[in-house]
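Here the structure comes first, spelled out in structure tokens, and everything after it is commentary.
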Amino acid sequence: MPYRNETELLGEFNSARDAFLANEESLRQTNAYLEIYRERDRQLENAFAQVHAFQILEHAEPMELDHEEEVPYLPMNEDQFSQAKQSMNAGQKEIFTLVTQSIQNQMSGAEERLRIFFTGGAGVGKTFLLKLLRDQINRCYAKDAVKVCSLTGVAARLINGATIHSTLKLPVQKDGRITGAPVFKQPEHLQPATHLWRLFTLCELTENMRQQGDHTFIDILNALRVGELTTQHFSILMGKLLQDTSDEFAIDKALRVYPTNQQVNDHNSAVLNLYRNNGARIYKIKAQDQLVHATRNADNVDIATIIPADINETGGLPSELEIFVGAKVMLRSNIDVSKGLVNGAIGYINEIVWPQFRRTQMYATDVPSVRIDFARDGVHLIHPKAIQFPAKNVNSVKLREVSNLNNVLPTGDCART
Numbered sequence: 001m002p003y004r005n006e007t008e009l010l011g012e013f014n015s016a017r018d019a020f021l022a023n024e025e026s027l028r029q030t031n032a033y034l035e036i037y038r039e040r041d042r043q044l045e046n047a048f049a050q051v052h053a054f055q056i057l058e059h060a061e062p063m064e065l066d067h068e069e070e071v072p073y074l075p076m077n078e079d080q081f082s083q084a085k086q087s088m089n090a091g092q093k094e095i096f097t098l099v100t101q102s103i104q105n106q107m108s109g110a111e112e113r114l115r116i117f118f119t120g121g122a123g124v125g126k127t128f129l130l131k132l133l134r135d136q137i138n139r140c141y142a143k144d145a146v147k148v149c150s151l152t153g154v155a156a157r158l159i160n161g162a163t164i165h166s167t168l169k170l171p172v173q174k175d176g177r178i179t180g181a182p183v184f185k186q187p188e189h190l191q192p193a194t195h196l197w198r199l200f201t202l203c204e205l206t207e208n209m210r211q212q213g214d215h216t217f218i219d220i221l222n223a224l225r226v227g228e229l230t231t232q233h234f235s236i237l238m239g240k241l242l243q244d245t246s247d248e249f250a251i252d253k254a255l256r257v258y259p260t261n262q263q264v265n266d267h268n269s270a271v272l273n274l275y276r277n278n279g280a281r282i283y284k285i286k287a288q289d290q291l292v293h294a295t296r297n298a299d300n301v302d303i304a305t306i307i308p309a310d311i312n313e314t315g316g317l318p319s320e321l322e323i324f325v326g327a328k329v330m331l332r333s334n335i336d337v338s339k340g341l342v343n344g345a346i347g348y349i350n351e352i353v354w355p356q357f358r359r360t361q362m363y364a365t366d367v368p369s370v371r372i373d374f375a376r377d378g379v380h381l382i383h384p385k386a387i388q389f390p391a392k393n394v395n396s397v398k399l400r401e402v403s404n405l406n407n408v409l410p411t412g413d414c415a416r417t
């Protein structure tokens, strides 16, 4: 702020208090004028939001497919490739040889194609083998011949690939739970389906490479994978139960997993109260809801009775969200797999950017952007986005910490920002 001579500001008055009291009425009138402009500003924002909501209805677009960049992949150099091959165990070598032999047969004119499905428990080296096979196949064909994809953004990030629905351009229903009906016979208008899984060769990796030497832990992981934990397994796990919730296991540090949404909400509320009591400035962000109706005669409708309270019916978007600088947050949908912005990515808010270059929240309707530090995946600015979901009559994922960030795109006739 530019330097001002205080005596010039005081003018003919002896103190700042006297100067303020003398100009109090003028300041009050000026504030009244400013309040009029603020009210007009709010009205304009609401009007623009309403226009945008109606445009979505009048200019309906086809279902939008998710487009995401594949995670950049750098092939191994000769030393890395040679070292990786030497690190394989017997099961991995068998699959590696099987794939290489199949490619060689194909290049020699054989018509048979290898379809292989390899699986195994946690720590058996599936990701390691997949990356090695990718390099080997590309080397055999002397070109980039492999497309790697996975079911989730987190898994795609780990294998340097993309999600299946993005790779195959499959639309994903995000506006509610997936519904269906039982089928008891082959529909007449559809051709009989082929059991494609019968065409695959199954190879199972069994040697654990991650917990070598710890056979007890390996047994527990394998039993947990197939849902066959025994009483002895439970006894071992309960013996590892920690009662100390200090230091790295403090309520505001360790990520906790609960089986129900209510337990998640209770824990998140406790964390928020802890930060609030420690002086953190916590902002409450309220969803800005617009009812879009074909007749546009929705002025007298109580929108609270239209929008479901269950976030599973609103595309995962809560009606209110509390955030603060330093909050640990989790993305609830894929934004950019190539940058690590995937469903389940956890980071810390290091800046809250308010609209119109404001320094803080001026109106209850303000929805800010947030800058989040995702550690090794970098710092990214996440912008708010208006989305739609179907309106229905109203009659912590269970893994989240402090607060959630959402970026989903359902379609329907209610817009929420």
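Sequential numbering from 1 applies to the sequence shown in full-length UniProt numbering.
Note that the Cβ used here is the ideal one computed from N, Cα and C, for glycine as well.
All of these numbers come straight from a predicted model, not from anything done at the bench.
Taking C-beta atoms under 8 Å as the contact rule, Met-362 and Ile-346 fail to qualify, at a distance of about 30 Å.
Here Val-353 is bridged, per DSSP, to Ser-369. Sixteen is the threshold: when 16 or more other Cβ atoms of the shown chains lie within 10 Å of the Cβ of Asp-289, as they do, the residue is buried.
The three-state reading of DSSP puts Leu-224 in helix, counting H, G and I together. Look at Thr-314 here: in three-state DSSP terms it is coil, with no helix or strand label. The Cβ atoms of Val-148 and Ile-137 do not sit closer than 7 Å to each other.
It is roughly 45 Å from the alpha-carbon of Asn-222 to the alpha-carbon of Arg-281. Secondary-structure assignment with DSSP links Val-146 through no beta bridge to anything. Under the DSSP assignment, His-267 falls outside any beta strand (DSSP E), being part of the alpha helix (DSSP H) whose first and last residues are 261-277. When DSSP reads this structure, Gly-120 sits in a beta bridge with Leu-205.
By alpha-carbon distance to Phe-324, the top candidate from Val-342, Arg-276 and Ser-333 is Arg-276. Ala-84 and Asp-135 have their C-alpha atoms some 11 Å from each other. In the structure shown, Leu-341 falls within a strand segment according to DSSP collapsed to helix, strand and coil. The bridge partners DSSP lists for Tyr-283 are Ile-323. Taking the Cα of Phe-357 as reference, the smallest distance to any Cα among Gln-101, Asn-350 and Pro-368 is reached at Pro-368.
Nearest to Gln-232 by alpha-carbon distance, out of Arg-225, Phe-217, Ser-246 and Asp-244, is Phe-217. Under the 10 Å beta carbon count, Gly-227 is surrounded by fewer than 16 other beta carbons and is classified as exposed. Cβ contact annotation for Thr-100 (same chain, cutoff 8 Å, sequence separation greater than five): Gln-136 and Cys-140, in chain order.
By the Cβ test, the segment 235-243 is not in contact with the segment 151-158, since fewer than three Cβ pairs between them sit closer than 8 Å.
For Leu-237, the uninterrupted alpha helix (DSSP H) segment begins and ends at 231-239. The C-beta separation of Ile-285 from Leu-321 comes to about 5 Å, placing the pair in contact by the 8 Å criterion.
DSSP links Leu-190 through a beta bridge to no other residue. Secondary structure note for His-380: its beta strand (DSSP E) is the uninterrupted segment 379-382. Around the beta-carbon of Asn-14, fewer than 16 other beta-carbon atoms lie within 10 Å, marking it exposed.
Look at the beta carbons and you see the segment 240-255 not touching the segment 119-132: under three pairs across the two are nearer than 8 Å. In this structure Ile-307 is in contact with Thr-314, their Cβ atoms being roughly 7 Å apart against a cut-off of 8 Å.
Per DSSP, Met-330 is one residue of the beta strand (DSSP E) stretching across 328-331. Taking a contact to require three or more Cβ pairs closer than 8 Å, the segment 258-274 and the segment 157-172 do not qualify as touching. In summary, Phe-249 is exposed, with fewer than 16 beta-carbon neighbours lying within 10 Å of its beta-carbon over all protein chains present.
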